[in-house]
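**Student:** Each residue of the sequence shown is one higher than the last, beginning at 349 in the working numbering.
Glycine included, C-beta positions come from ideal geometry on N, C-alpha and C.
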Amino acid sequence: MTATADAPMIVAAPLRRSRHRTLRKVVLGVAGILGFLVTWQLLPTLGIVNPAYFPTATETIAQLFVEFQDLEFWRNVGRTLTSWALGLVIATVLAVVLGTVIGLVPFLRRATHTTVEFLRPIPSVALIPLAILMFGYQLQAALLIIVYASFWQVFIQVLYGVADVDAVARDTARSFGLSRGSRIVNLVFPTALPYLMTGLRLAATVALILAITAEMFINVPGLGRAIMFAREAGQWTTVYALVIVTGMLGLLVNLGFRAIERRTLSWHQSVRGEEVL
Numbered sequence: 349m350t351a352t353a354d355a356p357m358i359v360a361a362p363l364r365r366s367r368h369r370t371l372r373k374v375v376l377g378v379a380g381i382l383g384f385l386v387t388w389q390l391l392p393t394l395g396i397v398n399p400a401y402f403p404t405a406t407e408t409i410a411q412l413f414v415e416f417q418d419l420e421f422w423r424n425v426g427r428t429l430t431s432w433a434l435g436l437v438i439a440t441v442l443a444v445v446l447g448t449v450i451g452l453v454p455f456l457r458r459a460t461h462t463t464v465e466f467l468r469p470i471p472s473v474a475l476i477p478l479a480i481l482m483f484g485y486q487l488q489a490a491l492l493i494i495v496y497a498s499f500w501q502v503f504i505q506v507l508y509g510v511a512d513v514d515a516v517a518r519d520t521a522r523s524f525g526l527s528r529g530s531r532i533v534n535l536v537f538p539t540a541l542p543y544l545m546t547g548l549r550l551a552a553t554v555a556l557i558l559a560i561t562a563e564m565f566i567n568v569p570g571l572g573r574a575i576m577f578a579r580e581a582g583q584w585t586t587v588y589a590l591v592i593v594t595g596m597l598g599l600l601v602n603l604g605f606r607a608i609e610r611r612t613l614s615w616h617q618s619v620r621g622e623e624v625l
């Protein structure tokens, strides 16, 4: 009876600590945002920076609400998210297939190591002239640099994940006569999944950055091109308002994929460890 009576108290204490940590994070997050906005407001107001090129926070936020009422703004958001999603899906499929095949065959991994290390550090923006030559000022040119940048984030993680399969477990699976397909599904995939989710979360952010970059320099319709048009017209308040929107999209993408990662890996010790701590 004593153990049963004490059980609610034992369970309640971690719940209270978890709620306290969550509340503390929210309060600190709000305080950080308010501090940033106050600093932003004071810089042009006090003349520390030129207000003609750096509008106040209140002016920018007001312009942001004006943009929210413009249908073309939402079309640009949709265009940016469309190129982001297409590039991310293509890059993920290619990276998972190639990463799994190369990771499972030691000869292929050794043969492609030098090539991978040579191609991976090349900045994606350096491919913009090549993309324009190949596809012109079209969506395909933007997809080329989005896929290139996102591919390596997932590919490298899949390679590490496939290589991290426990040798004892692999030998045990072979001794029990499991087929290659069964070993991939029941052994390789669960081991590589945490790596894959990490790579996917990183690739999602990189894909959004490159989608906006492509719109700015390849003249593909979207938020990036809208920013360039506003800059050329001298509408600096609109420029900063659209920059805030890109930051909000990046935050939502990161939070969304982090939530997917937590849900997918709820069985994994890394996520369970975070919940316990």
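In whole angstroms, what separates the C-alpha of A443 from that of N424?
**Tutor:** Walking along the sequence shown from the start, residue 443 turns up at place 95. Walking along the sequence shown from the start, residue 424 turns up at place 76. The straight-line gap from Cα to Cα measures roughly 28 Å.
**Student:** So for V453, helix, strand or coil by DSSP?
**Tutor:** Residue numbering aside, residue 453 sits at position 105 when the sequence shown is read from its first letter. It is coil, neither helix nor strand.
**Student:** Below 8 Å, can you find three or more Cβ-Cβ pairs linking the segment 404 to 421 to the segment 590 to 599?
**Tutor:** The segment 404 to 421 vs the segment 590 to 599: in contact.
**Student:** Any idea what DSSP makes of S614, helix, strand or coil?
**Tutor:** Translated into the one-based positions of the sequence shown, residue 614 becomes position 266. If DSSP states are grouped into helix, strand and coil, S614 belongs with coil.
**Student:** Drop a sphere of 10 angstroms on the beta-carbon of E623, count the other beta-carbons inside from all chains shown, and report buried for 16 or more, exposed for fewer.
**Tutor:** Against the sequence shown, residue 623 aligns to sequence position 275. Residue confidence for E623 is low, a pLDDT of 48 falling below 50, so the modelled location carries little weight; the figure read from the coordinates is stated next. So E623 ends up on the exposed side.
**Student:** Does DSSP put Q486 in a helix, a strand or coil?
**Tutor:** For the purposes of this step, residue 486 is identified with residue 138 of the sequence shown, where counting begins at 1. In this structure, Q486 counts as coil in the three-state DSSP scheme.
**Student:** Would you mind sorting M482 into buried or exposed? The rule is 16 or more other CB atoms within 10 Å of its CB.
**Tutor:** As a working mapping, residue 482 is identified with position 134 in the sequence shown. It is exposed - the Cβ of M482 has fewer than 16 other Cβ atoms within 10 Å.
**Student:** Would you kindly report the start and end of the unbroken alpha helix (DSSP H) that includes R579?
**Tutor:** Residue 579 sits at position 231 when you count from the first residue of the sequence shown. L571 to E580 is the extent of the alpha helix (DSSP H) around R579.
**Student:** Going by the beta-carbon positions, is the gap between F413 and V464 smaller than 9 Å?
**Tutor:** Within the sequence shown, numbered from 1, the residue matching residue 413 stands at position 65. Within the sequence shown, numbered from 1, the residue matching residue 464 stands at position 116. Their beta carbons are not under 9 Å apart, which means F413 does not touch V464 by this criterion.
**Student:** Quick one: what's got a C-beta closer than 6 Å to I438's C-beta in the same chain, skipping five residues either side?
**Tutor:** Here residue 438 refers to the residue found at position 90 of the sequence shown. Excluding sequence neighbours, I438 sits near V495.
**Student:** In whole angstroms, give me the CA-to-CA distance for I358 and R364.
**Tutor:** For the purposes of this step, residue 358 is taken as residue 10 along the sequence shown, with counting starting at 1. For the purposes of this step, residue 364 is taken as residue 16 along the sequence shown, with counting starting at 1. Low local confidence applies: a pLDDT of 49 at I358 is under 50, so the model's placement there is unreliable, and no value is given.
**Student:** Pull up the distance between the alpha-carbon of G598 and that of T520, whole angstroms please.
**Tutor:** On the sequence shown, position 250 is the one that residue 598 refers to. On the sequence shown, position 172 is the one that residue 520 refers to. Going by the C-alpha atoms only, they are around 43 Å apart.
**Student:** Can you give me the C-alpha to C-alpha distance between I480 and L487, rounded to a whole angstrom?
**Tutor:** The residue you call residue 480 lines up with position 132 of the sequence shown. The residue you call residue 487 lines up with position 139 of the sequence shown. Taking the straight line from one Cα to the other gives about 10 Å.
**Student:** Suppose you measure from the CA of I560 to the CA of F384; what does that come to, to the nearest Å?
**Tutor:** In the sequence shown, the residue the question calls residue 560 occupies position 212. In the sequence shown, the residue the question calls residue 384 occupies position 36. Taking the straight line joining both Cα atoms gives about 24 Å.
**Student:** Expressed to the nearest angstrom, what Euclidean distance is found between the alpha-carbon atoms of R458 and L376?
**Tutor:** For the purposes of this step, residue 458 is taken as residue 110 along the sequence shown, with counting starting at 1. For the purposes of this step, residue 376 is taken as residue 28 along the sequence shown, with counting starting at 1. Their Cα atoms are separated by approximately 48 Å.
**Student:** So is E563 buried or exposed if we call it buried at 16+ other beta carbons inside 10 Å?
**Tutor:** In the sequence shown, counting from the first residue as 1, residue 563 sits at position 215. Result: buried.
**Student:** Once the 5 residues before and after R611 are set aside, which same chain residues still bring their CB inside 8 Å of it?
**Tutor:** Reading the sequence shown from its first residue, position 263 is the one you call residue 611. Hits under 8 Å: none found.
**Student:** For A552 and A540, I'd like the C-alpha separation in whole angstroms.
**Tutor:** Translated into the one-based positions of the sequence shown, residue 552 becomes position 204. Translated into the one-based positions of the sequence shown, residue 540 becomes position 192. C-alpha separation (whole angstroms): 18 Å.
**Student:** Could you tell me the distance, in whole angstroms, from the CA atom of G595 to the CA atom of F466?
**Tutor:** Position 247 of the sequence shown holds residue 595. Position 118 of the sequence shown holds residue 466. Those two C-alpha atoms are separated by around 31 Å.
**Student:** Count the other C-beta atoms from every protein chain shown that fall within 10 angstroms of the C-beta of I470, then say buried if there are 16 or more, exposed otherwise.
**Tutor:** To locate residue 470, count along the sequence shown from 1; it is residue 122. Counting Cβ neighbours within 10 Å, I470 comes out exposed, since fewer than 16 surround it.
**Student:** So R549 is in the alpha helix (DSSP H); what residue range does that whole segment cover?
**Tutor:** Translated into positions along the sequence shown, residue 549 becomes position 201. From DSSP, the alpha helix (DSSP H) with R549 extends over F537 to F565.
**Student:** Based on Cα-Cα distance, which residue from G484, I493, A379 and F537 lies nearest to G509?
**Tutor:** Here residue 509 corresponds to residue number 161 of the sequence shown, with the count starting at 1. It is F537 whose Cα lies nearest to the Cα of G509.
**Student:** Whose CA, out of V473, F402, L507 and P477, lies closest to the CA of V453?
**Tutor:** Walking along the sequence shown from the start, residue 453 turns up at place 105. V453 has its Cα closest to that of L507, out of V473, F402, L507 and P477.
**Student:** With C-beta atoms as the reference, is I608 less than 9 Å away from M545?
**Tutor:** Indexing the sequence shown from 1 puts residue 608 at position 260. Indexing the sequence shown from 1 puts residue 545 at position 197. In contact: I608 and M545 (Cβ atoms closer than 9 Å).
**Student:** Give the DSSP-derived three-state secondary structure of N602 in the structure shown.
**Tutor:** Here residue 602 corresponds to residue number 254 of the sequence shown, with the count starting at 1. It is helical.
**Student:** Roughly how many whole angstroms lie between the Cα atoms of K373 and L382?
**Tutor:** To locate residue 373, count along the sequence shown from 1; it is residue 25. To locate residue 382, count along the sequence shown from 1; it is residue 34. Approximately 14 Å, taken between the alpha carbons.
**Student:** V437: beta carbon under 8 Å from a heavy atom of the ligand HEM?
**Tutor:** Ligands displayed in this structure: none; no statement on the ligand HEM is therefore possible.
**Student:** Can you tell me whether P436 is buried or exposed? The criterion is at least 16 other CB atoms within 10 Å of its CB, across all chains shown.
**Tutor:** The residue you call residue 436 lines up with position 88 of the sequence shown. Per the sequence presented here, residue 436 reads as Leu, with Pro not at that position. With 16 or more Cβ atoms within 10 Å of its Cβ, L436 is classed as buried.
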